[in-house]
Amino acid sequence: LGGNAPFIVFDDADIDAAVEGALIAKYRNAGQTCVCVNRFYVQRGVYPQFAEKFVARVAALQVGNGFEPGVQIGPLINRKARDKVVELLDDALSKGAQV
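Residue numbering for the sequence shown follows UniProt numbering, starting at 1 and increasing by one per position.
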């Protein structure tokens, strides 16, 4: 998939284990590694459960100064990375996404 790092969840998956694995695969080093997940493929039969649990776990991640105790997601590596995230957010919002 050309570096698009898929994460695949089949109908017979242990959903809790899949969610934990997805969190690690997506958010390692604040998602700033070349192997972090960029695409999730989840079979329809488990999609609702996976999505609900994954969203809840992501919402619970502590974002902030990476040197502070309890922080799980630190800052982006540099201004260029920040600008790219802002660009992606602006694009998504212009297409109807909600934050």
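Cβ coordinates follow ideal geometry from the N, Cα and C atoms, glycine included.
Considering only residues of the same chain and omitting the five flanking positions on each side of residue i, which have a CB-CB separation below 6 Å?
| i | result |
| --- | --- |
| G42 | Note that residue 42 corresponds to Val in the displayed sequence, not to Gly. For V42, where only same-chain residues beyond five positions count, the Cβ hits under 6 Å are V9 and F50. |
| N4 | N38 and R39 |
In its own chain, which residues sit with a C-beta less than 7 Å from the C-beta of residue i, not counting the 5 before and 5 after it?
| i | result |
| --- | --- |
| E87 | none |
| A60 | none |
| V19 | F50, K53, F54 and R57 |
| G70 | Q62 |
When burial is assigned at 16 or more other CB atoms within 10 Å of the CB, is residue i buried or exposed?
| i | result |
| --- | --- |
| D12 | exposed |
| L93 | exposed |
| L1 | For L1, the predicted structure reports a pLDDT of 49, less than 50, and the residue's modelled location is therefore unreliable. The matter cannot be settled from this model. |
| A22 | buried |
So the candidates are the options; which of them puts its Cα closest to the Cα of residue i?
| i | options | result |
| --- | --- | --- |
| V58 | G66, Q98 and Q72 | Q72 |
| L76 | P69, G70 and V63 | V63 |
| G74 | C34, Y27 and R44 | Y27 |
| N29 | A17, P6, D90 and N65 | N65 |
Within the same chain, show all residues whose beta-carbon is closer than 8 Å to that of residue i, passing over the 5 residues directly before and after it, in chain order.
| i | result |
| --- | --- |
| I15 | V9, V46, Q49, F50 and K53 |
For a quick check, are the C-beta atoms of residue i and residue j less than 8 Å apart?
| i | j | result |
| --- | --- | --- |
| C36 | A25 | yes |
Checklist entry - In the UniProt domain "Aldehyde dehydrogenase" (1-99), which residue ranges form an unbroken beta strand (DSSP E) of at least 3 residues, counting only runs that do not cross its ends? => result 6-9 and 39-42
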